[in-house]
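Structure record follows, encoded as structure tokens.
In mature numbering (1 follows the signal peptide of the UniProt record, and there is no 0), the protein residues as written are -26 to -1, 1 to 292.
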């Protein structure tokens, strides 16, 4: 009996460890707030819609903000932090370009009124990206919830992990694969560039020195982007339907009318040409794949269980 009892101890410890592991690594779920804050999603939607109605460009900004959050140590709201001098907002890829922070703060304020301390800023950002897509005729999707908020920003990781607008196709593919996203995911997510605007300095070299660009398109874009000034001048990433999330972005790539180098490399004789062609012909396929890729991106390294915290305000730790 003694030996059997002794043998039972490690088995019990193993069972407890497995139980702890399963609870500490909780899975995201679309029903996460159904009991604790049943009106969370409708409250977020109302707040986000109000912000986008004031400035339609905010739809693109919110989708980009979610993207820049998820690519830096996962979807944990770290990009929202602004309570230290060393934060992600100030890195070169975000400074004076990442926008929408105040809309997330506003949504958080409204949610806190009905369910204080329950809904994370990371989840609000994920829901806001979906609601932003819907607001500009893009697809909807079921957002998985249950993320918790980071207690620290990661500026160094932002510098190393965020894609660059000058990168080649192999570099972009490797960067997305590092986050668990396929080539098809990458191309679908790049379709978010059918909305939003870019600053002159990000496409100046392409429109003045690029070889893989339509001459008339380059000439048109030079009018709003001087050769040696006006770095912050804005231009729509897609000229045909700049305020609608659709497949015109891919049609433009076929005509060598991608504004950024990182856009045009998607259709430049490489492995993603067939995907771009497919999306240019089939808008419904693009929209479905975009929604799927957004869900997949939202799964990148979330903090769950007892990790992180639920911030009371999104720009500062508790």
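Glycine is no exception: its CB is placed at the ideal position from the N, C-alpha and C atoms.
- Nearest neighbour of residue 276 by Cα position, chosen from 26, 30 and 48, turns out to be 48.
- Taking residue 96 as the centre and dropping the five residues before and after it, the same chain places the C-beta of 49, 50, 51, 121 and 123 closer than 6 angstroms to its C-beta, in chain order.
- Remark: fewer than three beta-carbon pairs, one from each stretch, lie closer than 8 angstroms, so the segment 75 to 95 and the segment 161 to 172 are not flagged as touching.
- The DSSP-derived three-state label of residue 265 is helix.
- The alpha-carbon separation between residue 191 and residue 231 amounts to approximately 6 angstroms.
- Taking the C-beta atoms as reference points, residue 168 is found nearer than 8 angstroms to residue 219.
- As far as DSSP is concerned, residue 229 takes part in no beta bridge.
- A residue is called buried when at least 16 other Cβ atoms come within 10 angstroms of its Cβ; residue 197 does not meet this threshold and is exposed.
- Residue 178 and residue 209 have their alpha carbons spaced roughly 11 angstroms apart.
- Straight across, the Cα-Cα distance linking residue 40 with residue 188 is about 32 angstroms.
- In the DSSP assignment, the residues bridged to residue 123 are 283.
- DSSP, read as helix, strand or coil, puts residue 210 in strand.
- Within the model, the alpha-carbon separation for residue 118 versus residue 62 is close to 24 angstroms.
- DSSP places residue 238 in the uninterrupted alpha helix (DSSP H) bounded by 235 to 238.
- Of the residues 84, 237 and 274, the one whose Cα lies closest to the Cα of residue 21 is 84.
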